[in-house]
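See below for the structure under consideration.
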Amino acid sequence: MREQVFVLGGAQTSFGELWNKSLVDLIDEAVAGAIESSGILPTDIDAVVIGNMVGGELSGQGHLGALVSGGLPHHPPALRVEAACASGGVAVHTACALLESGKAENVLVIGAEKLTDAPNDLVTSAIMNAGNSDRDTVAGLTFPGIFGLIANRYMYDYGLTRDDLSSVSAAHHEAAVKNPYAQFKKSIPRDVISKSAPVADPLRLLDCSPISDGAAAIILSTNPSDVQISASQVATDHVSLADRTSMTSFLSTRTAFQNALKEAGWNRNDIDCMELHDCFSIAAILHLEDMGFAEEGQGVRFYKNNQTHANGELPINMSGGLKACGHPIGATGVKQILDCYKQLTNRAPNQVPNCRRALAHNIGGIGATCAIHLLEHA
Ligand code: COA
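Quick note: the sequence shown uses the working numbering, first residue 39, plus one each step.
What follows is the structure, given as C-alpha cells:
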C-alpha cells in the first residue's frame, strides 16, 4: 500500500536582494531552520532533494544535491531537480514519490536560487532557458515579453482593462505587508501600478514578479504530523506557446489540478486558501480560470471584488505571492508548501480563519510544467 506523506516542519530565508549571502549560505540557513522546526535529527534524513534552476550559470555552483548531503553527518542520497520556475514544486513531488514508495522515511526538500548578483540582462537570458530556444529565444522573446503577448491576447478576447490587471498586484502587495520574509512589504495602490515603468506592453514593472534571492526547506515524512500532503501531481505541455492551441489557457495546470482533485478526493470548493504562481499579474487570472474557479474571461473578478484577502471568498497568496514576496525561481515551489503548512497549523502571519485545506500551484516556463500540491490538516 502507498505510504501517506506528512509535513514535519520547514523554514525559509528572507526573500529579496541578499547581497551578503551566497547560494550556499541561503541553502544552509533554510536547511538548519527546517531541521530545527521539524524536531528530527540530521541523521534521520534518508534523502535530500533540491530544486534549483540557474545555480551553475549564475553562481558557478552545480552538483547541489551532493553539496547539501555533504553538510549532513551521514551523507544521505541526494539529487537536484530542475523544472524552471517549477523546480521547487517538482522537487516536492519527487520527495513524495520517494516517501510513497517506501524508499525513505524522512526527506529534506530544499528550493534555492541566487539571482541578484548578476546583471538583469544575464538573469533574463538565464531564465529564458526555460523557453524553447529554437522558437521563442531566437524570436527575441523574454519571459516578460511572452506574458505581455498573453496579456494582450487576453485583453483583446475578454475586454480586461489595465486597471483590472493592477487589481491583482495590488491584492498581493497588500497581503505581503504582514509577511516578515517578503521582498516588498508595502501596499501599492492600483493607480501607481498602472503608471509604473513599462516593461513589455501592456505589462509594467509592478505586474512582474521581481528578481530575488532566497531559499526554503521542508521535512517530509511518512511519520504522521498535523499536516498531510493529500495530492502531489505534475503535468506538462509544449514548452513553446507557438505549439499550443491557446495563448490564454495552460493545459498543464488544467491536467495537474484535475488529477490532484481526483487523488485527494476533493472538490475545488473544499479549498480554503491557495498559493498561486503569479509570476506576472495576467498569469494569476489564467490560473484561476484553468482550475475552474472562474469562467473563461472572469478570473479577475475575485480581485476586482476584493475577495482574495484572508476573510474573502477565495483567499489567494496570503504570503504576497511571487509578486510581493519575491520569486527566487527554484525556491518558490517549496516556499509555497511552507506557507500552506503555516496556514494549516494556524501560524501564518496573514492567517485565514479555520483553514483546513490548502492548494499550492507552481508553474515552470510558460506553464510547460505545473506542480500541484493539496495539503490538509490531518
Ligand atoms: N516589483 C516591485 N518593485 C520592483 C520590481 C518588482 N517586480 N522589480 C524592481 N522593483 C523595484 C526595485 O527594488 C527598484 O527599487 P529602488 O529603485 O527603490 O531600489 C526599482 O523597482 C527598479 O528596479 P530594477 O531592478 O532596476 O528594475 P529592472 O527594470 O532592472 O527589472 C523587471 C524589472 C520587471 C524587468 C525584472 O524584475 C524582471 O525581469 N522580472 C521578471 C522575472 C522573471 O521573468 N521571472 C520568471 C517568471 S516566469
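Idealized CB from N, CA, C, for every residue including glycine.
Remember, predicted model here, so these are calculated numbers, not experimental data.
Whole-number beta carbon distance between residue j and residue i, since they are thought to touch under 8 Å
i, j, result
"Thr274", "Thr407", "5 Å"
"Gly93", "Leu79", "Actually they do not touch by this definition, with Cβ atoms about 27 Å apart."
"Phe44", "Pro262", "6 Å"
"Ile354", "Phe340", "7 Å"
"Thr162", "Thr180", "5 Å"
"Gly402", "Ala177", "About 20 Å; that fails the 8 Å criterion."
"Ile327", "Cys378", "It should be pointed out that residue 327 corresponds to Glu in this sequence rather than to Ile. About 22 Å separates the two Cβ atoms, so there is no contact after all."
"Pro182", "Val237", "5 Å"
"Leu46", "Gly77", "7 Å"
"Ser270", "Cys134", "4 Å"
Of the residues the options, the one placed nearest residue i, counting alpha carbons only
i, options, result
"Pro227", "Leu279, Asn344, Ala168 and Val161", "Asn344"
"Leu376", "Asn170, Arg339 and Ser75", "Ser75"
"Gln50", "Glu67, Ser60, Gln42 and Asn392", "Glu67"
"Leu146", "Ile257, Gly186 and Gly108", "Ile257"
"Arg394", "Asp264, Asp84, Lys216 and Val119", "Asp264"
"Ile410", "Val87, Thr132, Lys233 and Gly197", "Thr132"
"Glu143", "Gln99, Ile83, His276 and Asp239", "Ile83"
"Asp229", "Asn217, Arg242, Phe222 and Gln221", "Arg242"
"Lys342", "Thr283, Ile323 and Ala135", "Ile323"
"Gly89", "Met356, Pro366, Met166 and Lys59", "Pro366"
"Arg385", "Asp155, His210, Ile184 and Pro218", "Pro218"
"Ser247", "Ala396, Val86, Ser125 and Cys363", "Cys363"
"Leu413", "Leu382, Val119, Cys134 and Phe222", "Leu382"
"Phe222", "Lys361, Thr346 and Leu137", "Lys361"
"Gly108", "Glu120, Ala214 and Ala85", "Ala85"
"Gln42", "Gln374, Glu138 and Ala70", "Glu138"
"Phe331", "Leu352, Cys317 and Val215", "Leu352"
"Leu244", "Met91, Met166 and Phe318", "Phe318"
Residue i: CB within 7 Å of a non-hydrogen atom of the ligand COA
i, result
"Ser247", "yes"
"Val230", "no"
"Ile320", "no"
"Val215", "no"
"Asn158", "yes"
"Pro182", "yes"
"His276", "no"
"Cys123", "yes"
"Leu413", "no"
"Thr291", "no"
"His365", "yes"
"Ile188", "no"
"Ile419", "Residue 419 cannot be examined here, being either before or after the span of the chain that is shown, 39 to 416."
"Ile165", "yes"
"Thr162", "yes"
"Val206", "no"
"Cys317", "yes"
"Val92", "no"
"Val128", "no"
"Phe44", "no"
"Val338", "no"
"Leu244", "yes"
"Phe288", "no"
"Phe53", "no"
Secondary structure of residue i, DSSP reduced to three states
i, result
"Thr199", "coil"
"Ala332", "coil"
"Val274", "For the sequence presented, residue 274 should be read as Thr rather than Val. Reduced to three states, the DSSP call for Thr274 is strand."
"Thr154", "coil"
"Thr260", "coil"
"Phe340", "helix"
"Thr407", "strand"
"Pro248", "coil"
"Met193", "helix"
"Arg242", "strand"
"Glu313", "strand"
"Pro80", "helix"
"Gly98", "coil"
"Ile231", "helix"
"Gln50", "strand"
"Glu74", "helix"
"Pro182", "helix"
"Cys393", "coil"
"Ala254", "strand"
"Glu414", "strand"
"Leu117", "strand"
"Gln29", "Given that the chain is displayed from residue 39 to residue 416, the structure contains no residue 29 and the question cannot be resolved."
"Val106", "helix"
"Gln345", "coil"
"Asn297", "helix"
CB contact below 8 Å: residue i versus chain C
i, result
"Phe181", "In the structure shown, chain C cannot be found, because there is only a single protein chain."
ask   = Touch check for the region 194–204 and the region 142–156: three-plus C-beta pairs under 8 Å?
value = The region 194–204 vs the region 142–156: no contact.
message = Count Cβ pairs between the region 250–265 and the region 354–371 that sit closer than 8 Å; are there 3 or more?
response = Contact between the region 250–265 and the region 354–371 is present, because at least three Cβ pairs lie under 8 Å.
ask   = For the region 389–396 against the region 317–337, are there 3 or more C-beta pairs whose distance is under 8 Å?
value = By the Cβ test, the region 389–396 is not in contact with the region 317–337, since fewer than three Cβ pairs between them sit closer than 8 Å.
inquiry  = Quick test of the definition: if touching needs 3 or more C-beta pairs under 8 Å, does the region 115–132 touch the region 188–195?
reply    = At 8 Å Cβ cutoff, the stretches do not touch.
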